Amino acid sequence: ARSSFEVWLLYPGIKATQSHKRAHWCYTHGHKLLARIISQRSRKKTGIEIHPGAKIGKRLVIDHGMGIVIGETAEIGDDCLIYQGVTLGGTGKDTGKRHPTIGNNVLIGCGAKVLGPFTVGDNSRVAANAVVLSEIPPDCTAVGAPARVVKKKGEKVDYVGNVEQINVTDPLVQEVISLRGELNRLKAAAGDDMR
1 ARSSFEVWLL
11 YPGIKATQSH
21 KRAHWCYTHG
31 HKLLARIISQ
41 RSRKKTGIEI
51 HPGAKIGKRL
61 VIDHGMGIVI
71 GETAEIGDDC
81 LIYQGVTLGG
91 TGKDTGKRHP
101 TIGNNVLIGC
111 GAKVLGPFTV
121 GDNSRVAANA
131 VVLSEIPPDC
141 TAVGAPARVV
151 KKKGEKVDYV
161 GNVEQINVTD
171 PLVQEVISLR
181 GELNRLKAAA
191 GDDMR
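Numbering (the UniProt record's numbering), first residue to last: 1 to 195.
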């Protein structure tokens, strides 16, 4: 963007967070129908769905926000960055608090799904397309589906099954090699019996 006016005028993330402030005020002051109307109009205009019950801290940045969903009991701390296609949702198994709590200074990469009533700690990073189903401690980086912590305070974390995918043996290839060995053994045995 060339100016802050351009950002204010054209960026859907700004429009969505401004609408959410109005909707959240209505929601917390007993005007729940009006709150839902505001949030649904914002969703239609921006492609970003933020339930009016969600609690959002200061300076949330939604970048390229299309397809973001933030659930009713979600809480987001200050200075967070959320990219397109992120879901802060529930699993359908919980009642009451159903959605995640996101700490301060957290980055959530595009397409990530954070599902359930747990916390993603301060200063953490959730990689693109990660599926987070459990607590992420502060100062960590989580990747994968289901997500696992691979860095804590900038240091690589070892965990059971920590392998580079490029070096993983394909189970089908292993089975073919095993069957080929068995076939050769049977041929050799049959050849010996025929002599």
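Quick reminder that beta carbons are idealized off the backbone N, C-alpha and C, glycines included.
Bear in mind the structure is a predicted one, so any value in this text is a computation, not a measurement.
Check, Outcome
"When we look at the beta-carbon of I177 and count the other beta-carbons within 10 Å, is it buried (16 or more) or exposed?", "exposed"
"Taking the alpha-carbon positions, what's the R36 to A23 distance?", "7 Å"
"Within 8 Å, do at least three Cβ pairs link the region 105-115 to the region 74-86?", "yes"
"Return the chain-ordered list of same chain residues with a C-beta closer than 8 Å to the C-beta of F5, the five sequence neighbours on each side being excluded.", "none"
"Taking L60 as the reference, which of G111, V86, G67, I14 has the closest Cα?", "I14"
"Can you tell me whether I48 is helix, strand or coil according to DSSP?", "coil"
"Does A142 come out as helix, strand or coil in the three-state DSSP assignment?", "strand"
"Just the C-alpha distance for I166 and R43, rounded to the nearest angstrom, thanks.", "Its pLDDT being 49, under 50, I166 is placed unreliably by the model, and nothing is read from it."
"CA-CA distance, T87 and Q174?", "37 Å"
"Closest by CA to D78, which one among K58, K93, M66, G71?", "K58"
"Given L9, which residues of its chain have a CB within under 8 Å of its CB, disregarding the five upstream and five downstream residues?", "none"
"Kindly list the residues whose CB is nearer than 7 Å to the CB of G191, restricted to its own chain and excluding five residues on each side of it in sequence; keep chain order.", "none"
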